[in-house]
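Q:
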Amino acid sequence: MSTESQLTRLGLFDAKVPRYTSYPTAPHFNASVDDGDFAGWISQIEPGSQISLYIHVPFCRRLCWFCACRTQGTRSDAPVEAYLETLKTEIAMLGKRLPEGVTLSRLHWGGGTPTLMSADMMKQLTEAIFAVAPMHEQGEFSVEIDPNEIDEARLDVLAKAGMNRASIGIQDFDPQIQSVIGRIQSYDITRDAVDLIRSKGITSLNADILYGLPHQSNERIAESVQKLMSLSPDRVALYGYAHVPWMARRQSMIPAEALPTPETRLKLYETAKELFLWDGYREIGIDHFARPDDGLARALDAGKLRRNFQGYTDDTAAALIGLGASSISRFPQGYAQNLSGTSDYTARVRDGRFATGRGHVFSDEDKMRSRMIEALMCDFHISTAEITESFSISKADLNAMFQEVADRFAGFIDLSNDGLTVPEHGKPLTRMIARGFDAYDLSKAGHSSAI
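Okay, here's the thing in structure tokens:
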């Protein structure tokens with residue numbers, strides 16, 4: 001039986017599984033976590049330690065049809081200015097709770113389109129943040145940049161504030177595909193934005209590209225990848241497009257009949273992967289690639305690669321705090337997510353309260369399974385010694401868990417005294433294998449295809 005036939009038998013091409021950027025996944029959050037928990041967890045951060053901070057800006061000048069993020073369109077700056085005032089209030093509230101001496105190991109602005117803010121708005125936001133917690137001397141300040149929404153004045157503010165990594169969404173350079181997904185962004189505009197970013201001394205560059213888009217072929221994705229590599233990004237996220245129009249109504253604008261078959265999706269991924277590897281990139285987990293000297297590659301070699309809501313990361317801070325509508329925070333105690341609606345979020349913060357709407361408190365079993373799934377997603381290996389030494393589980397019980405999953409994926413998992421390993425030919429099944437260690441109900445809507 002061919003490998004593709006075996007993958008088909010195991011359900012790779014029709015399974016719906018989480019991306020496992022968290023465990024449990026966001027559909028399992030509930031209202032048992034509130035603003036009191038959020039405030040308490042902040043207060044329990046170790047004085048003098050490092051934290052990560054994520055700022056969500058949910059506005060876009062145009063709404064791309066492929067996007068399933070929580071965003072809203074605006075042609076004027078008025079709603080953005082009002083939102084910024086709320087953000088500044090929330091940041092000040094955070095500052096009153098943070099223990100003394102806390103610094104930022106990571107600061108990331110996402111969206112939406114953070115760069116639709118004016119230079120003055122960006123200056124106000126950076127000043128508000130750094131008044132509460134300065135960057136650690138080895139910290140990383142990154143911003144998601146839309147090449148259609150950036151100019152020299154805005155980049156000057158960001159560079160002066162210490163931004164040292166830029167992230168650009170590309171998706172695909174093919175004009176027909178761009179038109180069908182509602183994202184017009186030419187190669188020339190993207191190249192000019194990259195040149196401008198680097199002219200400001202910002203040398204680290206991330207890029208996102210999608211496979212599985214309508215009308216995509218091996219030839220088209222190869223051309224887009226080659227154009228992307230001409231920009232020399234330090235790291236690339238190669239994400240599979242998730243067509244979920246029942247969650248993101250704007251995706252109904254995309255013709256489902258033009259989407260590639262699951263089998264073709266796998267070939268698109270393999271084509272792009274081969275090109276990145278040929279150009280000297282290191283494979284990072286299931287969907288990232290990085291230059292050998294990038295922080296992700298170094299973290300992989302050191303066994304310190306981690307996975308969070310932004311994908312793979314080399315950040316090891318114990319707490320990731322998300323501010324802004326719908327943002328998710330991760331603390332050692334659990335997850336806390338802000339109210340998703342901008343108006344609800346604004347009303348709560350203006351009432352003098354944190355905007356936490358739901359979340360999840362970790363059980364001991366959650367922590368163990370979370371680490372097992374993260375280890376699989378990052379290293380394709382779960383260490384028996386690490387799990388038994390870190391958590392209250394016997395070697396016999398852990399081996400029984402391993403055996404149950406290995407039986408389900410016979411031929412695609414290796415078991416040894418060291419633990420469970422996914423070999424190279426089993427890597428397309430990684431998310432499905434991780435699902436074998438997920439103790440929660442997997443019938444929740446919103447999970448994407450396994451490849």
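Heads up: the sequence shown is residues 1 to 451, going by UniProt numbering.
Quick reminder that beta carbons are idealized off the backbone N, C-alpha and C, glycines included.
If you're wondering where the values come from, they're calculated on a predicted model, not measured in any experiment.
1. List the endpoints of the continuous alpha helix (DSSP H) containing Trp246.
2. Report buried or exposed for Ala445, applying the criterion of at least 16 other Cβ atoms within 10 angstroms of its Cβ.
3. Just verifying my parser: in three-state terms, what is the DSSP assignment at Thr388?
4. Give me whichever residues DSSP pairs with Tyr23 in a beta bridge.
5. Would you say the region 192-203 touches the region 218-229, given that touching needs at least three Cβ pairs under 8 Å?
6. What separation, rounded to the nearest whole angstrom, lies between the Cα atoms of Gly182 and Asp364?
7. Would DSSP call His360 helix, strand or coil?
8. Which of helix, strand or coil does DSSP assign to Glu85?
9. Measure from the C-beta of Gly40 to each C-beta in chain C and report whether the shortest distance is under 8 Å.
10. So what's Gln310 in DSSP terms, helix, strand or just coil?
11. Could you name the residues of the same chain whose beta carbon sits closer than 8 Å to that of Pro255, not counting the 5 residues immediately before and after it, in chain order?
12. Tell me the DSSP secondary structure of Asp35 in three-state form.
13. Please give the ranges of any alpha helix (DSSP H) in the region 375-442, keeping only runs that are unbroken, at least 4 residues long and fully inside the region.
14. Excluding the five sequence neighbours on either side, which residues of its own chain have a C-beta within less than 6 Å of the C-beta of Thr346, listed in chain order?
15. Could I get the ranges of all uninterrupted alpha helix (DSSP H) runs contained in the region 83-138, with 4 residues as the minimum, in chain order?
16. Taking only the alpha-carbon atoms, compute the straight-line gap between Gly322 and Lys88 and give it to the nearest angstrom.
17. In terms of alpha-carbon separation, which member of Asp34, Gln178, Asn206 lies closest to Arg235?
18. DSSP three-state label for Phe276, please.
19. For a test of the three-state rule: what should DSSP assign to Ala445, helix, strand or coil?
20. Go ahead and label Ser370 buried or exposed: buried means 16 or more other beta carbons lie within 10 angstroms of its beta carbon, across all protein chains shown.
21. Going by DSSP, what residue range makes up the alpha helix (DSSP H) through Ala207?
22. So Leu196 and Glu152 are in contact, right, with Cβ under 8 Å, and what is the actual spacing, rounded?
23. May I ask you to list the residues that DSSP assigns as paired with Cys60?
24. Compare the Cα-Cα distances from Val422 to each of Asp35, Met372, Val57, Tyr241 and report the closest residue.
25. When the Cβ atoms of the region 277-291 are set against those of the region 351-361, are three or more pairs found closer than 8 Å?
26. Which residues bound the beta strand (DSSP E) around Ser167?
27. State buried or exposed for Leu84, treating a residue as buried only when at least 16 other CB atoms are found within 10 Å of its CB.
28. If you drop the 5 nearest sequence neighbours on each side, which residues of the same chain put their C-beta closer than 7 Å to that of Gly352?
A: According to the structure shown:
1. Unbroken run through Trp246: none, as it is neither H nor E.
2. Reliability fails at Ala445, whose pLDDT of 48 lies under 50, so the model's placement of it is uncertain and no value is given.
3. helix
4. Tyr23 pairs with nothing; no bridge assigned.
5. no
6. 44 Å
7. strand
8. helix
9. The question asks about chain C, but that chain is absent: this structure has only one protein chain.
10. coil
11. Val180, Pro214
12. helix
13. 384-390, 395-408, 430-435
14. Thr86
15. 119-132
16. 13 Å
17. Asn206
18. helix
19. Residue placement at Ala445 cannot be trusted, given a pLDDT of 48 that sits under 50; what the coordinates show is reported in the next sentence. In the structure shown, Ala445 sits in coil (DSSP, three-state: anything other than H, G, I, E or B).
20. buried
21. That residue, Ala207, is in no alpha helix (DSSP H); its beta strand (DSSP E) goes 204-211.
22. 7 Å
23. Gly73
24. Met372
25. no
26. 165-171
27. buried
28. none
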